[in-house]
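Novice: Residue numbers (full-length UniProt numbering): 1 to 517. Sharing a structure below in structure tokens format, with a few things to ask.
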């Protein structure tokens, strides 16, 4: 199976190379739009480092100013699920959900959606999920079989369910690849959960482990304009996706159709045209505020949405990676502290070089193998925890080579053994910064990205950068970090002996498969 994946990866890179040549030959003449940020009225309230960042980020992404009471940070999956159900229950006119998938056993969540739609005839539901991941189990019980009753009961005018399909996978490659492997070609990976004028951003999907025993991050923003921004973003990606409809004459009772109202053709019909059209649609969204936005004076907290849409943009005008690289410039300051985490430890080379050469003191958190959701799974995925462990070993080696292990520590998160009684898995991702003379973080990024090559080349991702001078919010951010650190221990090279020694074949496969992890 590992050999099969290596072959799949090589085919993938051949496809990408061919595809990129096609894109280059028909690239749109579209250039980066100018961001419509106005000058911040209280810029001088922020310190010199923050002011410099604000000016840089203002050139990349629309800025949203929030009041002190408009942000809520959750710290565990049970609270996340309770909040989801509460927001669904209280929504009056719109619910919009973007996720990789909805777990096929989430009958309780679907019942909650159904009850709210039944009680409120003006309420509409929009769902965006990934096509490859969400159809994996068809014709057996699947995400689709879970969602179809909502369409049957409320109709397609009130329930709009869309399936994004990566343009990277088509033809014979798609036909012959096993379903679990074809997801390596790209996914809809955003996690956006919107309810009227509130928006919840997370790295968590909508399935049982994310509601019970899988550690992630969850930020609720109670802001009309920011909610509109993400509603518009989801709506646009939905118009570049397939729509679920009922078809009693089809084998499985449904069809995924490409509506005539979609503003472009299906990607497999004319890939260049699809990419050109999607670029024209997405570019202004990444740079402009929604109509509901009004600048707020004297705000203590600023939000910058940043996203990565390389598979459907040419030229690639994504805003996430360039923004994070600007944040990581802070690591050249030895008076700054930072925390960096990803459940899947395979950061881009640019990020890795910034971390291992950091003058700032920092802690990098990754999942222990037995806190990885693929631990002891079936098929090729069972090798993934060891692959990420190998990346941890390389990271520590590289720290030692530049003699920087006194500044930067690699920590491993674990809480029991996943898929056993009381065992948790780890899925948190994020970066936090404490600026000079600060006792708590004042900057963080939260969202769906794992900061990997895959995130920036294959998947759709969205996050926000948060910058604050609000002391109460900074305390909540520190509590969030402490909640993660309490289950961590420091890793050293001695931890890679014995039963943690890594097979030579895994080392080779990890290098070959780096772009898909």
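Each residue gets a CB set at the ideal place from its N, CA and C atoms; glycine is no exception. Please read all numbers here as calculations on a predicted model, not as lab measurements.
Under the three-state reduction of DSSP, which class applies to residue 367: helix, strand or coil?
Specialist: Here residue 367 carries a strand assignment [DSSP, helix/strand/coil].
Novice: Would you mind sorting residue 329 into buried or exposed? The rule is 16 or more other CB atoms within 10 Å of its CB.
Specialist: exposed
Novice: Starting from the N-terminal side, write out each stretch of the beta strand (DSSP E) that is 3 residues or longer and does not extend beyond the segment 321-379.
Specialist: Counting only unbroken stretches of 3 or more residues, the beta strand (DSSP E) elements lying wholly within the segment 321-379 are 337-342 and 361-367, in sequence order.
Novice: Which residues does DSSP pair with residue 112 in a beta bridge?
Specialist: In the DSSP output, where bridge partners are listed per residue, residue 112 has none listed.
Novice: On the DSSP letters alone, give me the boundaries of the beta strand (DSSP E) that residue 307 sits inside.
Specialist: 301-308
Novice: Between residue 190 and residue 373, is the Cβ-Cβ spacing less than 8 angstroms?
Specialist: No, Cβ-Cβ distance for residue 190 and residue 373 is not below 8 angstroms.
Novice: Buried or exposed: which applies to residue 156, given that a residue is buried once 16 or more other Cβ atoms fall within 10 Å of its Cβ?
Specialist: Of the other Cβ atoms in all chains shown, fewer than 16 fall within 10 Å of the Cβ of residue 156; this residue is therefore exposed.
Novice: Which word fits residue 152, buried or exposed, when buried means at least 16 other C-beta atoms lie within 10 angstroms of its C-beta?
Specialist: exposed
Novice: Need the endpoints of the beta strand (DSSP E) that residue 431 sits in, please.
Specialist: 429-434 is the span of the beta strand (DSSP E), which, as asked, contains residue 431.
Novice: I need the straight-line Cα distance from residue 27 to residue 87, nearest angstrom please.
Specialist: Low local confidence applies: a pLDDT of 42 at residue 27 is under 50, so the model's placement there is unreliable, with the coordinate-based value given in what follows. Taking the straight line from one Cα to the other gives about 42 angstroms.
Novice: I want to know whether the segment 465-477 touches the segment 299-314 - three or more CB-CB distances under 8 angstroms.
Specialist: yes
Novice: In this structure, does DSSP put residue 21 in helix, strand or coil?
Specialist: In this prediction, residue 21 scores a pLDDT of 33, lower than 50, which makes its location untrustworthy; no coordinate-derived value is stated.
Novice: Considering only residues of the same chain and omitting the five flanking positions on each side of residue 386, which have a CB-CB separation below 8 angstroms?
Specialist: Take residue 386, set aside five residues on each side of it, and the residues of its chain with a beta-carbon closer than 8 angstroms to its own are 369, 502, 503 and 506, in chain order.
Novice: Along the chain, where does the beta strand (DSSP E) containing residue 134 start, and where does it finish?
Specialist: In the DSSP assignment, residue 134 falls outside any beta strand (DSSP E) and lies within the alpha helix (DSSP H) extending over 131-134.
Novice: Rounded to whole angstroms, how far is the Cβ of residue 101 from the Cβ of residue 241, which I believe are closer than 8 angstroms?
Specialist: So it is not a contact: roughly 14 angstroms between Cβ atoms.
Novice: Could you pull the DSSP bridge partners for residue 198 from this structure?
Specialist: 195
Novice: Alpha carbon to alpha carbon, how far is residue 435 from residue 46?
Specialist: 12 angstroms
Novice: Any chance you could list the beta strand (DSSP E) runs of at least 3 consecutive residues sitting entirely within the segment 449-479, in chain order?
Specialist: Segments of the beta strand (DSSP E) lying fully in the segment 449-479: 461-468.
Novice: Report the residue ranges of all beta strand (DSSP E) runs contained in full by the segment 36-108; include only those spanning at least 3 residues, in chain order.
Specialist: List check, beta strand (DSSP E) in window: 64-66, 71-74 and 94-98.
Novice: Buried or exposed: which applies to residue 176, given that a residue is buried once 16 or more other Cβ atoms fall within 10 Å of its Cβ?
Specialist: exposed
Novice: Using DSSP bridges, identify the partner residues of residue 221.
Specialist: 71 and 199
Novice: Comparing C-alpha positions only, which one of 96, 422 and 124 sits nearest to residue 232?
Specialist: 96
Novice: From the DSSP output, read off the bridge partner residues of residue 209.
Specialist: Paired residue(s): none; residue 209 is not in a bridge.
Novice: Below 8 angstroms between beta carbons: does that hold for residue 264 and residue 273?
Specialist: yes
Novice: Name the DSSP bridge partner or partners of residue 243?
Specialist: According to DSSP, which records beta bridges pairwise, residue 243 is partnered with 162 and 257.
Novice: Can you list, in chain order, the residues of its chain whose CB lies under 7 angstroms from that of residue 468, leaving out five sequence neighbours each side?
Specialist: Cβ within range, chain order: 300, 301, 442 and 474.
Novice: So, under 8 angstroms CB-CB, residue 339 and residue 363 are touching, yes? Tell me the CB distance rounded to an integer number of Å.
Specialist: 5 angstroms
Novice: With DSSP as the reference, label residue 443 as helix, strand or coil.
Specialist: strand
Novice: Residues in the same chain with beta-carbon distance under 7 angstroms from residue 120, minus the five sequence neighbours each way, listed in chain order, please.
Specialist: 92
Novice: Compare the beta carbon distance of residue 228 and residue 290 with 8 angstroms and say whether it is the shorter of the two.
Specialist: yes
Novice: Between residue 170 and residue 268, which are expected to be in contact by the criterion C-beta below 8 angstroms, what is the C-beta distance as a whole number of angstroms?
Specialist: 4 angstroms
Novice: Here's the rule I'm using: 16 or more other beta-carbon atoms within 10 Å means buried, otherwise exposed. How should residue 311 be labelled?
Specialist: Within a 10 Å sphere around the beta-carbon of residue 311 sit 16 or more other beta-carbons, which makes this residue buried.
Novice: Among 245, 394 and 78, which has the Cα closest to the Cα of residue 508?
Specialist: 394
Novice: Counting along the chain, where does the beta strand (DSSP E) carrying residue 410 start and finish?
Specialist: 408-413
Novice: Compute the beta-carbon to beta-carbon distance between residue 449 and residue 337, rounded to the nearest angstrom, for a pair I have assumed lies under 8 angstroms.
Specialist: In fact, because the Cβ distance is near 22 angstroms, the residues do not count as touching under 8 angstroms.
Novice: Compute the distance between the beta-carbons of residue 275 and residue 128, then report whether it is under 8 angstroms.
Specialist: no
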